[in-house]
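Counting from 1, one number per residue, gives the positions in the sequence shown under UniProt numbering. Glycine is no exception: its CB is placed at the ideal position from the N, C-alpha and C atoms. All of these numbers come straight from a predicted model, not from anything done at the bench. Let me begin by presenting the structure, written as structure tokens, before commenting on it.
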Amino acid sequence: MKILAIRLKNLTSIEGMVEVDFTAEPLHSAGIFAISGPTGAGKSTLLDALCLALYDKAPRFATSVESVNLADVGDNQINQSDVRNLLRRGTSDGYAEVDFLGIDGRRYRSRWSVRRTRNKISGSLQPQTLEVKELDTEKEFQGTKKELLIQLVELVGLTYEQFTRTVLLAQNDFATFLKSKGAAKAELLEKLTGTGVYSRISQEVYARSKAAQEEVTLIQNRMNVIELMPEEELLALQKEKELLAEKRVTGIKLLAEQNEQLNVVRSLKMQEDLWKKKQQEEQEEQARLKMLQGALASQEEGLVHFKAQWEAIQPDLKKARQLDVQIQSQQDSYTQSKQMLQSANKQVSEQEQKMRMATEQLQVSYSSLNRLLNHVGIEEALQLEQVEEILRQEENKLTAGINTNEERLLRLNSFGYPLLTEEQMKLQKELTRQQNIRQLTETQTKTKAEVERLEKETTDCLKQLTEQETALKVTQRLYENARMAVGKDVKALRQQLQEGEACPVCGSTVHPYHQEQEVVDTLFRSIEQEYNAAVANCQQINNRSIVLQRDWTHQKMVDGQIGEQLAALYKAGIDAGNEEQIQHRLTELAERILEYRNLYAEWQRSDEEIKKMRAHCEALRENVSLCRLAMQKVSSAKEQLLLLQNTASAEQKRFEVIEKALNVLRQERSQLLKGKSADEAEAAVAKREKELNLALEKARKEVEAVHNRLSGLQGEMKQITLAIGELQEQYKKIESPEQLPEIIKKQQEENLNIERTFSTMEARLLQQAKNKLTVEQIAKELAEKQTIAERWAKLNKLIGSADGAKFKVIAQSYTLNLLLLHANKHLSYLSKRYKLQQVPDTLALQVIDCDMCDEIRTVYSLSGGESFLISLALALGLSSLSSNNLKVESLFIDEGFGSLDAESLRTAMEALEQLQMQGRKIGVISHVQEMSERISVQVQVHKKVNGKSVLTVVG
Numbered sequence: 001m002k003i004l005a006i007r008l009k010n011l012t013s014i015e016g017m018v019e020v021d022f023t024a025e026p027l028h029s030a031g032i033f034a035i036s037g038p039t040g041a042g043k044s045t046l047l048d049a050l051c052l053a054l055y056d057k058a059p060r061f062a063t064s065v066e067s068v069n070l071a072d073v074g075d076n077q078i079n080q081s082d083v084r085n086l087l088r089r090g091t092s093d094g095y096a097e098v099d100f101l102g103i104d105g106r107r108y109r110s111r112w113s114v115r116r117t118r119n120k121i122s123g124s125l126q127p128q129t130l131e132v133k134e135l136d137t138e139k140e141f142q143g144t145k146k147e148l149l150i151q152l153v154e155l156v157g158l159t160y161e162q163f164t165r166t167v168l169l170a171q172n173d174f175a176t177f178l179k180s181k182g183a184a185k186a187e188l189l190e191k192l193t194g195t196g197v198y199s200r201i202s203q204e205v206y207a208r209s210k211a212a213q214e215e216v217t218l219i220q221n222r223m224n225v226i227e228l229m230p231e232e233e234l235l236a237l238q239k240e241k242e243l244l245a246e247k248r249v250t251g252i253k254l255l256a257e258q259n260e261q262l263n264v265v266r267s268l269k270m271q272e273d274l275w276k277k278k279q280q281e282e283q284e285e286q287a288r289l290k291m292l293q294g295a296l297a298s299q300e301e302g303l304v305h306f307k308a309q310w311e312a313i314q315p316d317l318k319k320a321r322q323l324d325v326q327i328q329s330q331q332d333s334y335t336q337s338k339q340m341l342q343s344a345n346k347q348v349s350e351q352e353q354k355m356r357m358a359t360e361q362l363q364v365s366y367s368s369l370n371r372l373l374n375h376v377g378i379e380e381a382l383q384l385e386q387v388e389e390i391l392r393q394e395e396n397k398l399t400a401g402i403n404t405n406e407e408r409l410l411r412l413n414s415f416g417y418p419l420l421t422e423e424q425m426k427l428q429k430e431l432t433r434q435q436n437i438r439q440l441t442e443t444q445t446k447t448k449a450e451v452e453r454l455e456k457e458t459t460d461c462l463k464q465l466t467e468q469e470t471a472l473k474v475t476q477r478l479y480e481n482a483r484m485a486v487g488k489d490v491k492a493l494r495q496q497l498q499e500g501e502a503c504p505v506c507g508s509t510v511h512p513y514h515q516e517q518e519v520v521d522t523l524f525r526s527i528e529q530e531y532n533a534a535v536a537n538c539q540q541i542n543n544r545s546i547v548l549q550r551d552w553t554h555q556k557m558v559d560g561q562i563g564e565q566l567a568a569l570y571k572a573g574i575d576a577g578n579e580e581q582i583q584h585r586l587t588e589l590a591e592r593i594l595e596y597r598n599l600y601a602e603w604q605r606s607d608e609e610i611k612k613m614r615a616h617c618e619a620l621r622e623n624v625s626l627c628r629l630a631m632q633k634v635s636s637a638k639e640q641l642l643l644l645q646n647t648a649s650a651e652q653k654r655f656e657v658i659e660k661a662l663n664v665l666r667q668e669r670s671q672l673l674k675g676k677s678a679d680e681a682e683a684a685v686a687k688r689e690k691e692l693n694l695a696l697e698k699a700r701k702e703v704e705a706v707h708n709r710l711s712g713l714q715g716e717m718k719q720i721t722l723a724i725g726e727l728q729e730q731y732k733k734i735e736s737p738e739q740l741p742e743i744i745k746k747q748q749e750e751n752l753n754i755e756r757t758f759s760t761m762e763a764r765l766l767q768q769a770k771n772k773l774t775v776e777q778i779a780k781e782l783a784e785k786q787t788i789a790e791r792w793a794k795l796n797k798l799i800g801s802a803d804g805a806k807f808k809v810i811a812q813s814y815t816l817n818l819l820l821l822h823a824n825k826h827l828s829y830l831s832k833r834y835k836l837q838q839v840p841d842t843l844a845l846q847v848i849d850c851d852m853c854d855e856i857r858t859v860y861s862l863s864g865g866e867s868f869l870i871s872l873a874l875a876l877g878l879s880s881l882s883s884n885n886l887k888v889e890s891l892f893i894d895e896g897f898g899s900l901d902a903e904s905l906r907t908a909m910e911a912l913e914q915l916q917m918q919g920r921k922i923g924v925i926s927h928v929q930e931m932s933e934r935i936s937v938q939v940q941v942h943k944k945v946n947g948k949s950v951l952t953v954v955g
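Take a look at the structure:
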């Protein structure tokens, strides 16, 4: 991950648009640069803009914990922790924009912006917006602000907390970390390393242990709520249930006997009522028998009279039957003649319809022929002859066209088109491969030459750097000696020297510099200028060496990639000659393919014409056949129609003769039997006779049925009399039969009370069994929960606590060891004298002084410069710990260097210069003048009037 550029507009003290481009000179070649300026000028605003664009957060608001609303323009208010507070007062809009290299190697741009309503200074603040896009493809990311922030974390590879520990380093936190107490150190280490999960684990263990114990208590309470009967009470209840069961059986038996007695009383009353009813029915049946016997005599007399009338009409019936036979015979002839006449007329109509249809079909066929030939108005016979001649000519032309097109098809097949196209594709691919090999070979030659040039320049530069560093050390010693010689104490001591008196420092009585102070000062300034020039020259050579090494590595990588591509291209080649031969063969193939395509197009056109001609010939042939068939149908229909008309005329005459004879017979028959047929008259007589016989039989059956019912009633009355006698004997044995319903009611109530008491006892016994089973189940569950609670209690005793402090201290001890491992690695580059070490069984720190035979020293014995080096090593160690193996190429250190003396500052600067050799671009924020002078490339922030600041890049 690498920061490429920072842009901002109207944020805090910086007004207008400002850009810091790390890809442009002089920042591009500088390994270390300074962000300098007076206090309050806006140096940290650059880092705020960096965090705003990537995370919608700013480091300066990290310590804001109170929710306090501040006055904005007009009546509006804004919370003091709102990042929109960074918008400069008196401006309507602002933004922060960052270009960066993502973890996937692609360039991205993220833009955070805020504005006021209608872009007016007096408008209320609108919600901030976020825009993210890929610079190489101009693809813009879509989604809400929250979704875009999640995507930015994936592109950067760091969360906000990891970013502020990896890319932005605040040394003051680590100076505090060095000397804080154990609990505070655990809190700070948790905040810096993001390992707050251990506190949450400790709290979760405590919470789960408490919850498990509460579950045990709850189950115990549930068990205490369930009541079980004592064993003595349970035995007594079971014995009482057995006695009550016997009493229950006795009551049920007694109630059954009483119900039987009640049934006897009710049955006696019912039998007496039934006997009276049967006696009344007997009297009614005797009266009805007398009436039916009179009706039977009347029916017998009517039947005799009807038979005498039937004998009188027998002669008329015989004559009517003879006429009926003659009429029926004549009627059959009449019906047959009528049907034949109708059939003949129908056949004539159908044949006329067929005649019309055949004529219409013939006209349609002629019309179709005219349309096909575009020829109208020719006579029919001539038309058919002409059409047949035309049809023969068309078929001859069709045969000639088919033969010609088959010859073209044979020529097409002889080309071998698939093989031609396949060879063309292979040759085209081979030509492209050879062209790519030629281009890559030329590029590889240039790249190798560039690698050799860069390697030579890098070697020369490193050699020159070694020489310059050696010269710089000599010059530095002269400069330090000269600086000490012109110090205030030395000047004061030199002015006190007297000729002839011994010097308190060296003991000499000769003082050549006592009177030559101006010469000494001039010599010191000359040495100082020479020293500064040597430092700048060494820095410039060092920067150039870094650039050369980076370019040399890049060219080597490019050379390797080209070699791999060439190997793959050589491997994929075929034996097809050189480029000129391949090009010549491709030209020949293109001509052959063009010739094939032209011939193929000609064959297609001819094939279409042949299809049309074939369809035309088939249509003509079909229509000629239809015309001939239609003419035959018309001729046949005319002949059939004439025959059918003659037949219909003969049938009409025959029908009229038969109809006249039938009418004469019907007139004579209508005068006999009132026009009815003999069969109808006989059927009417037979029906009437049958009705009279049925009525007579019915009357006889009714008389017989009444006799039977009287016999049955008399038998039933005898049985009822016997039953009444038996029931009266049983009735006499019953005590108080009138009070029997009340006695039964009392017995039912007593049985019901017994049943209720018995059910209550059974319910208590069932509840006792259920409660006992429930207690056993709860006891089993309680044992399981107690096992779990004991396990959590043991774990809680080891690491659990309500505030999470217990496990946090244990876990942070291991985290601190890992942090010290990284810190000591960085400290070995900064100062080989010291190593950091954890005080055993605590979170306190101590240092090992390697120059003093590995003497262990307290961190409170370190000087300011030593504290800075160790604190910086801790900061870099945390950066390594937080980056999760992510390569971070940008580093910004926001540290109060003003608290260091000249010697410590020089040590810090040398440490930073060594640090940038590890491949990181380092930005140091400071207002210390000497540091600004030591770093040639600077981003200077200058304060102006009215709280404005301007930014310039110098180098």
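Sequence-distant partners of Asn436 (beyond 5 residues in either direction) whose C-beta falls short of 7 Å from its own C-beta, in its chain, are Leu569. Under the 10 Å beta carbon count, Val657 is surrounded by fewer than 16 other beta carbons and is classified as exposed. Met17 carries a strand assignment under DSSP once its states are collapsed to helix, strand and coil. For Ala58, there is no enclosing beta strand (DSSP E), as DSSP gives it neither H nor E.
Contact fails between the region 519 to 537 and the region 560 to 569, because fewer than three Cβ pairs, one in each stretch, are under 8 Å apart. Within its own chain, the residues whose Cβ lies closer than 8 Å to the Cβ of Asn817, once the five positions on either side in sequence are excluded, are Gln838, listed in chain order.
Per DSSP, Phe892 is one residue of the beta strand (DSSP E) stretching across 890 to 894. Remark: three or more beta-carbon pairs, one from each stretch, lie closer than 8 Å, so the region 260 to 277 and the region 713 to 731 are flagged as touching. Between Ala572 and Leu440, the alpha-carbon positions lie close to 15 Å from each other. Taking C-beta separations shorter than 8 Å and ignoring five residues to either side along the sequence, the partners of Arg84 in its chain run Ile78, Val114, Leu125, Gln128, following chain order. The shortest CA-to-CA distance from Asn345 to any of Asn646, Gln767, Lys770 is the one to Asn646.
Cβ contact annotation for Phe22 (same chain, cutoff 7 Å, sequence separation greater than five): Ile3, Leu4, Ala5, His28, Lys921, in chain order. Per DSSP, the continuous beta strand (DSSP E) segment holding Thr129 begins and ends at 129 to 134. For Leu845 against Leu869, the beta-carbon gap comes to about 14 Å, at or over 8 Å, which does not count as contact. Here DSSP, grouped into helix, strand and coil, assigns Glu97 to strand.
Put simply, the region 708 to 720 touches the region 281 to 293. At least three CB pairs are less than 8 Å apart. At the C-beta level, Arg408 and Glu602 come within 8 Å of one another. The region 138 to 153 and the region 46 to 66 touch, with no fewer than 3 CB-CB distances between them shorter than 8 Å.
The region 31 to 50 and the region 936 to 944 touch, with no fewer than 3 CB-CB distances between them shorter than 8 Å.
Rounded to whole angstroms, Arg666 and Ala684 show a C-alpha spacing of 22 Å. Assignment of beta-bridge partners to Val953 by DSSP yields Val939.
Closest in alpha carbon position to Asp99, among Ser890, Gln280, Lys944, is Ser890.
By the C-beta criterion, the region 351 to 359 is judged not to be in contact with the region 606 to 621, since fewer than 3 inter-stretch pairs fall below 8 Å.
Per the Cβ contact rule, the region 267 to 277 is in contact with the region 712 to 728 (3 or more Cβ pairs under 8 Å).
Sequence-distant partners of Phe415 (beyond 5 residues in either direction) whose C-beta falls short of 6 Å from its own C-beta, in its chain, are Tyr596. Around the beta carbon of Thr335, fewer than 16 other beta carbons lie within 10 angstroms, which makes this residue exposed.
Glu301 is positioned such that its CB atom lies no closer than 8 Å to that of Leu713.
By the neighbour-count definition (other C-beta atoms within 10 Å, threshold 16), Lys808 is a buried residue. Its chain contains no residue whose beta carbon lies nearer than 6 Å to that of Ala308 once the 5 sequence neighbours on both sides are disregarded. In the structure shown, Lys835 adopts extended strand secondary structure according to DSSP, grouped into three states.
For the 8 Å CB-CB criterion, Leu644 and Gln339 do not form a contact. Straight-line spacing of the CA atoms in Tyr834 and Leu876 works out to 16 Å. With respect to the 8 Å criterion, Leu130 and Leu158 are not classified as neighbours on the basis of their beta carbons. Beta-bridge partners of Ser926 (DSSP): Ser36. When the five nearest sequence neighbours on each side are left out, the beta carbons in the same chain lying within less than 8 Å of the beta carbon of Arg621 are those of Leu391, in order along the chain.
The alpha-carbon of Lys277 is positioned some 20 Å away from that of Glu726.
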